[in-house]
Amino acid sequence: MQLLVLNGPNLNMLGQREPDIYGTASLDGIRAACAPVAERLGVALDWAQSNHEGALVDHIQAAPDRYNGVILNAGAYTHSSIALRDAIGATALPVLELHLSNTAAREAFRHASMIAPVCLGVIAGFGARGYELAIRAMAGHLCDAPVKPL
Ligand code: DQA
Numbered sequence: 137m138q139l140l141v142l143n144g145p146n147l148n149m150l151g152q153r154e155p156d157i158y159g160t161a162s163l164d165g166i167r168a169a170c171a172p173v174a175e176r177l178g179v180a181l182d183w184a185q186s187n188h189e190g191a192l193v194d195h196i197q198a199a200p201d202r203y204n205g206v207i208l209n210a211g212a213y214t215h216s217s218i219a220l221r222d223a224i225g226a227t228a229l230p231v232l233e234l235h236l237s238n239t240a241a242r243e244a245f246r247h248a249s250m251i252a253p254v255c256l257g258v259i260a261g262f263g264a265r266g267y268e269l270a271i272r273a274m275a276g277h278l279c280d281a282p283v284k285p286l
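Numbering of the sequence shown is given in the numbering used here, commencing with residue 137 and proceeding in unit increments.
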């Protein structure tokens, strides 16, 4: 199973950027923390980041050739990008919307997501650990693995 973890604008600044909101881990640090999780699940991960809307659209359009699913933290484009929404709507791949912060608990302009209606689901508010949760959720979805009862 191959997944693309795609990150949008300003996420290259994680670790330095508003650490009270986004935490102190860098994107490279998050990537390193996710590697053993993915390995245990038998998932191969590729990571990409761009500050440019069109480049993110290009990644989503190219994804079906190489990946089984996309985990997308679209950053601020989440709230504004019809182009990203259309790219996600047009792909046959499942796309999981991810945020470090709980966008619903923040400014009103972050409450709306352009992309949520065309995504598989949303994980938000768990900080850097959200990436691990997203990998587990997407792997489970692709395996159609039932959630174990408590
Ligand atoms: C974010 C939330 C967005 O509202 C914001 O613009 C970001 C990061 C998050 O991961 O919490 O850049 O996607």
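The beta-carbon is built from N, C-alpha and C at its ideal position, and this holds for glycine as well. Note that the coordinates shown come from a computational prediction; the quantities given were computed from them, not determined experimentally.
Next on the checklist: Which same chain residues end up closer than 6 Å to residue 267 when comparing Cβ atoms and leaving out the 5 residues on each side of it in sequence?
Outcome noted: 166 and 170
Next on the checklist: Looking only at its chain, what residues have a beta carbon closer than 8 Å to the beta carbon of residue 160, apart from the 5 residues adjacent to it on each side?
Outcome noted: 151
Checklist entry - Are residue 261 and residue 277 close, meaning C-beta to C-beta below 9 Å? => result no
Next on the checklist: With a threshold of 8 Å, are at least 3 pairs of Cβ atoms found where one atom belongs to the stretch 239 to 246 and the other to the stretch 217 to 228?
Outcome noted: no
Checklist entry - Mind checking whether the beta-carbon of residue 187 lies closer than 8 Å to any heavy atom of the ligand DQA? => result no
Checklist entry - What's the gap between the Cα of residue 241 and the Cα of residue 176? => result 33 Å
Next on the checklist: Measuring straight from C-alpha to C-alpha, what distance separates residue 163 and residue 211?
Outcome noted: 13 Å
Checklist entry - If you draw a straight line from the C-alpha of residue 172 to the C-alpha of residue 185, how long is it? => result 21 Å
Item to check | Exposure of residue 190, with buried meaning 16 or more beta-carbon neighbours within 10 Å | outcome: exposed
Checklist entry - Between residue 275 and residue 140, is the Cβ-Cβ spacing less than 9 Å? => result no
Checklist entry - Where residue 182 and residue 154 are concerned, what is the direct C-alpha to C-alpha distance, given to the nearest angstrom? => result 26 Å
Item to check | Closest residue to residue 253 among 263, 271 and 226 (Cα-Cα distance) | outcome: 226
Item to check | Status (buried if at least 16 other CB within 10 Å, exposed otherwise) for residue 157 | outcome: exposed
Checklist entry - In or out: residue 205 buried (at least 16 other Cβ within 10 Å) or exposed? => result buried
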